[in-house]
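Undergrad:
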Amino acid sequence: MAENLYLHQVQNGKNQWWRYLVGIVTILLIWQVGAGFLIVPILIQNQGNLPEKPEPVSFSLFLLGFAFLLFGTWGVNRILHGRSVRSLTTGLERIHWKRIFFAAGIWMVAVSLVAVVEAVMFPGRYVMNANPAAVLPYFLLGLILIPLQTSAEEFFFRGYLLQASGLLLRNPLLLALLNGILFTLPHLFNPEVEVMGLALSAAFYAAMGFFLALLTLRSQGLELALGIHAGNNFFTAVFANYVTTALPSESLFLIQTLDPLFGLASFVVAAVGVYGVFSLPQFKALAFGLER
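This note's numbering puts the first residue of the sequence shown at 2, with every later residue one more than the last.
1) Exposed or buried, which one is Q283 when buried takes at least 16 other CB atoms within 10 Å?
2) Roughly how many angstroms lie between the CA atoms of V239 and N130, to the nearest whole one?
3) Using three-state DSSP, classify I96 as helix, strand or coil.
4) Is it buried or exposed, I145, if we count other Cβ atoms within 10 angstroms and call 16 or more buried?
5) So within the region 231-272, which uninterrupted beta strand (DSSP E) runs reach at least 3 residues, ignoring any that extend past its ends?
6) Assess, as a yes-or-no matter, whether the region 71-82 is touched by the region 195-215 under the definition of 3 or more beta carbon pairs within less than 8 Å.
7) Starting from the C-beta of A111, find all residues in its chain whose C-beta is less than 7 Å away, skip the five residues before and the five after it, and write them out in chain order.
8) Count the other CB atoms within 10 Å of the CB of N172; is the residue buried (16 or more) or exposed (fewer)?
9) If you check the beta carbons only, do N180 and F158 fall under 8 Å apart?
10) By alpha-carbon positions, which one of A104, A68, T91, N5 ends up nearest to G277?
11) Drop a sphere of 10 angstroms on the beta-carbon of V121, count the other beta-carbons inside from all chains shown, and report buried for 16 or more, exposed for fewer.
12) Which ranges would you report for the alpha helix (DSSP H) in the region 90-157 if only whole runs of at least 4 residues count?
13) Going along the chain, which residues of its own chain have a beta-carbon closer than 6 Å to the beta-carbon of A288, five neighbours each way excluded?
14) Pull up the distance between the alpha-carbon of F38 and that of L8, whole angstroms please.
15) Check G167 in the structure and name its three-state DSSP category.
16) Which residue from L262, I256, K285, L218 puts its Cα closest to that of R126?
17) In the structure shown, what three-state DSSP assignment does G83 receive?
18) Sort out for me which residues DSSP pairs G222 with in a bridge.
19) Going straight from the alpha carbon of V117 to that of W108, what length do you get?
20) Just checking my contact of L248 with F67 at CB under 8 Å: how many whole Å lie between their CB atoms?
21) Spatial neighbours of A231 within its chain, please: C-beta separation below 8 Å, excluding the five flanking residues on both sides.
22) Under a three-way DSSP split, which group does N180 fall into?
23) What does the alpha-carbon distance come out to for the pair L174 and L162?
24) Helix or strand or just coil, what does DSSP make of G14?
25) Hey, quick one: how far does the alpha helix (DSSP H) through L310 stretch, first residue to last?
26) Suppose you measure from the CA of A134 to the CA of F60; what does that come to, to the nearest Å?
Shown next, in the form of structure tokens:
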């Protein structure tokens, strides 16, 4: 089996086991302490709870907290491992920016179709915002801050952790499965887990992590995962958000019922469909081309 160029990037740095142990602990500490300073004022204002209703300031501060995860990952990668940010981004000679926007666009089309199907199957589940103008601040903030949040998660999970796992495992399916499990763990603290139930929540997050890791390994870079994750969260925050969510926002539509089984099934269908689109002759080079 040919060596994966993305996983091979670790060979350009220092890889003793203790560096990854110290690195992971350092990244998580930087993230939690840094984000904590931003979130504590929100908790104080809301008597120890995160706000249940949308507030632009809370929305912004919550997303800004992920800057600590992003820069912590970049910093550890550079200082502890002696590697560049580009080595976390791609195994090829250049970053494929078009892939990011292409993936975001295709995924948003897919989730839009899922939303239409859900609205038709379950009348009354989608309720239009009575004040559409209230969406504008979240649209503008989301354009900047949501890619920050999703990029932070991608560089840590599909970048740092996936490449580290590649030192121990070579099978892409096992690597993607392990990455999906690691991606699931912190997301189990999201408030929607109470509504969805632990089993279906874990299955959903694991499926998403598995899919994004598989795309990263196939394309030998983070670009597709960066685009899909950003497109997914932007669509949720601005176009169709849930009543119960970790990130309340004013969206065009509010989904009244969080249906975990439909959510998991529709994600799998969307993921298979999008992978199929990426594999079409007219898109394959853009999505998976390995020109260096």
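Note that CB positions come from ideal geometry on N, CA and C, so glycine has one too.
TA: Straight from the coordinates:
1) exposed
2) 11 Å
3) coil
4) exposed
5) 241-243, 254-256
6) no
7) A271, G274, V275
8) exposed
9) yes
10) A104
11) exposed
12) 98-122, 136-155
13) F279
14) 35 Å
15) coil
16) I256
17) coil
18) T91
19) 14 Å
20) The pair is not a contact, with the Cβ atoms about 11 Å apart (cut-off 8 Å).
21) I101, A105, I147, P148, T151, S152
22) helix
23) 15 Å
24) coil
25) Outside the shown range of the chain (2 to 293) lies residue 310, about which nothing can therefore be said.
26) 17 Å
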